[in-house]
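The structure appears right after this line, and notes come after that.
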Amino acid sequence: MTGPTTAPTTPDDTGSERRARPRTRRGRLARAASGLLVLGMAGGAVAGATQLGAAGARAVAAPGVEVAPTPVTLQCPGPVVLPQRAERGDAAFDPAPVEPQVALDAVTAAGEGAGPLAVLPLGGTTAARDVAAGGGAVRVQGGSTPFVVRAQPGDTSPVVAATGTSVVTDGDARGLAAASCRAPSSAHWFVGGSTAVGATSTLVLSNPGLTAAQVELEIYGPRGPVDPTAAQHLVAPGATTTVDLGGAAADQAAIVVHVTVTGGQVAAHVQDTAVRGFTPAGTDLVVAGAAPATRQVVTGVVAAESTVGSPDAPVLRLLAPGPEQTVARVTLLGGDGPVTLPGADRVTLTGGEVTDVPLGGLPAGVYTVVVDADVPVVAGAVTSRTGAPGALDDEPRVDRAWSAATAPAAHGAIALPAGVGARVVVGAVGQDADAPGAGSATLRVLGSDGQVLSEHRVRVDAGTTGAWDVADLAPDAAGVELEPVGGVPLVWAVALTLEQEDGPLVATLDPVGVVGATGAVAVREDARPARG
């Protein structure tokens, strides 16, 4: 059983409840400028606001000023980067003897926040496709450059998501490489990839901004930090730069890459491709995970049956990037609760050294992995699906899916690639594995017009992971939307499966968060004198 059984309740206006035995982080940011103070009016008081005026100042009602909600910009991954024949030293080698199937799928939920949406090539000004205000979905096939999705808000912030996919069905690059489109950022942690023999890892940097971005790399391997041959790279506005991590840090069996950006922001991912001899062993996109913290949570881990020592067993990758040694406490949350795996529950981490934790012998099912440590760590996980040998292969073909650590769920959405099987995976992560309670959320399946095809209240007991096949919830889904409503903090992802004659291709998608609306603000004069 991949998750706890579901128990529908009496339908009401919110749909049915689906029970499964799913941490909210609230960010607070207050900004004050000498002369003017801007206070959000979206609800609630700003702590300490009464202390900003001069002592004894007379309270004056602040005039309201309408500020439009912020547009959403998502940078999407472009087509997979195909290794050149010369890199393999074999003129007969073809990394992709079939044409890669490249597509972008975007969806915006119908509602007050559904303004127009446009899909533009990176650096371009003419939309390849668009969606009128009111919600809808769009699919763009082909293209040799990455796309940018720009969604204008309506009266509120839009619920929008997009996914870029590349499907290669033969050759060394065989695999389903897919990732959610993301807002550009100034810092990224990539936990995944390898530069050992038979592996290729490529860092792809895209700059959708108007100014050049200076990128600096830190690379960690099993023996500690690696001094890259080229640590700094310039990404021009509206352009993409690729970095061969094998050239920057060769012969590293397991890597973690930290990217920091100055002068702008970039979107990025690591393309991870592996072969065993001439048998393809998977291609996937490693996306940025949560920044170092004393707790990391990785969900969407779909484990097939495996044995201890199997090369295709799931693997948890950990790094404590600081100098301190620590012990990581690992908890595996399955469909019926925590699962004990001898040797994997406590892992000693040496500062700066990447550690892979084999999870062979883990029963088949869906899992959420919780990592606790006394010093900040980063985490990621990879799972494999084994198929059949190809005509010229001496062993079965494999595809792999990387899952990144994520923060507890806020309101978010995921666009679903057309023709690919999708399963929503939700984990409920309490303070302790045995903590009581449950997490609840509203799960909506979105159609091609942005309307809700079906809506369900899901309930996941603390310390467990639930899963629902989207095809069982509604047909012809363009996206899914999850909105937590209370209880134990939830994390979620979508596991993708594309069935092929020689075995399934797999990937994992993380949600795109709904950005809070700016709305109306009050502008109030600051009575304090300016300071030079």
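When you line the sequence shown up against our numbering, it's residues 4 to 535, in that order. Just so it is clear, CB atoms sit at the ideal spot from N, CA and C, and this is done for glycine as well. All figures in this text were calculated on a predicted structure; none of them were measured in a lab.
Rounded C-alpha distance that separates Val564 from Val75: Here the chain comprises residues numbered 4 to 535, so residue 564 is not present and cannot be evaluated.
C-alpha gap between Ala291 and Leu321, whole angstroms: Looking at the two C-alpha atoms, the distance is approximately 14 Å.
Terminal residues of the beta strand (DSSP E) in which Leu220 lies: Looking at the DSSP string, the run of the beta strand (DSSP E) that includes Leu220 is Ala216 to Gly224.
DSSP bridge partner residues for Phe150 (one or two, in chain order): Residue pairing by DSSP places Phe150 opposite Pro124 in a beta bridge.
The stretch 194-214 / the stretch 380-397 touching (three or more Cβ pairs under 8 Å): Using a C-beta cut-off of 8 Å, the stretch 194-214 makes contact with the stretch 380-397, since at least three inter-stretch Cβ pairs fall below that distance.
Burial state of Glu115 (16 or more Cβ within 10 Å): Of the residues assessed, Glu115 falls on the exposed side of the cut-off, its CB having fewer than 16 other CB atoms within 10 angstroms.
Of the residues Tyr370, Glu327 and Pro124, the one placed nearest Gly81, counting alpha carbons only: Proximity to Gly81 across Tyr370, Glu327 and Pro124 peaks at Pro124, based on C-alpha coordinates.
Any non-hydrogen atom of the ligand ADP within 7 Å of Gln434 CB: In the structure on display, the ligand ADP does not appear, and there are no ligands present to speak of.
6 Å CB neighbourhood of Ala498 in its chain, flanking five on each side removed: Gly303, Val305, Arg426, Val428 and Thr511.
Pro411 vs Pro492 beta-carbon contact at 8 Å: Cβ atoms of Pro411 and Pro492: closer than 8 Å.
Span separating the alpha-carbon of Arg185 from that of Gln78: Distance between the alpha carbons of Arg185 and Gln78: 5 Å.
Which of helix, strand or coil DSSP assigns to Leu248: It is helical.
Outcome for Arg400 when other beta-carbon atoms lying within 10 angstroms are tallied against a minimum of 16: Buried, by the Cβ-count rule.
According to DSSP, residues forming a beta bridge with Phe193: Here Phe193 is bridged, per DSSP, to Val260.
Rounded C-alpha distance that separates Val333 from Gly146: For the pair Val333 and Gly146, the Cα-to-Cα distance works out to about 42 Å.
Boundaries (first-last residue) of the alpha helix (DSSP H) holding Ala239: Premise fails: Ala239 is in no alpha helix (DSSP H) and is neither H nor E.
Residues bridged to Arg426 [DSSP beta-bridge criterion]: Looking at the DSSP assignment, Arg426 forms a beta bridge with Asp472 and Ala498.
At least three beta-carbon pairs within less than 8 Å, the stretch 416-424 to the stretch 341-348: Too few Cβ pairs lie closer than 8 Å, so no.
Three-way DSSP call (helix, strand, coil) for Ala331 in this model: For Ala331, the secondary structure class from DSSP, reduced to helix, strand or coil, is strand.
CB-CB length for Val289 against Asp275, believed under 8 Å: Indeed they touch by this definition, with Cβ atoms about 5 Å apart.
Ala481 versus Ala416 - alpha carbon distance: If I take the Cα positions, the gap works out to 11 Å.
Option in Gly139, Val432 and Asp173 with minimal Cα separation from Phe3: Limits of the chain in this structure are 4 at one end and 535 at the other, which puts residue 3 out of reach.
Contact under 8 Å by Cβ, Ala216 with Val238: Taking 8 Å as the cut-off, the Cβ atoms of Ala216 and Val238 count as close.
Helix, strand or coil at Ala60 according to DSSP, with G and I counted as helix: Its pLDDT being 38, under 50, Ala60 is placed unreliably in this model, and the value from its coordinates should be taken loosely. Coil at Ala60, not helix or strand.
Cβ distance (whole Å) where Gly453 is taken to contact Gly138 below 8 Å: About 2 Å separates the beta carbon of Gly453 from that of Gly138, a gap short enough to meet the 8 Å contact definition.
First and last residue of the uninterrupted beta strand (DSSP E) at Glu398: Glu398 -> no beta strand (DSSP E), and no H or E assigned at all.
For Ala439, the three-state DSSP class (helix, strand or coil): First, the amino acid is wrong: residue 439 is Pro here, not Ala. Coil at Pro439, not helix or strand.
Proximal residues to Gly227 (C-beta, below 6 Å), its chain only, five neighbours per side dropped: Answer for Gly227: Gly355 and Glu356, listed in chain order.
Cβ distance (whole Å) where Val262 is taken to contact Val207 below 8 Å: By a beta-carbon distance limit of 8 Å, Val262 does not contact Val207. Their separation comes to about 11 Å.
Residue interval of the beta strand (DSSP E) (run including Val207): Ala202 to Asn210 is the span of the beta strand (DSSP E), which, as asked, contains Val207.
Gly325 versus Thr203 - alpha carbon distance: When rounded, the distance between both Cα atoms is 27 Å.
Own chain partners of Val518 with C-beta closer than 7 Å, once the 5 adjacent residues on each side are dropped: Excluding sequence neighbours, Val518 sits near Thr73, Val75 and Ser160.
Limits of the unbroken beta strand (DSSP E) element including Val342: That run of the beta strand (DSSP E) goes Gly340 to Val342.
Where Pro487 sits in the DSSP three-state scheme: In this structure, Pro487 counts as strand in the three-state DSSP scheme.
Rounded C-alpha distance that separates Gln155 from Asp133: Distance between the alpha carbons of Gln155 and Asp133 is about 11 Å.
Which residues DSSP lists as bridging Leu288, in chain order: Bridge partners of Leu288: Gln274.
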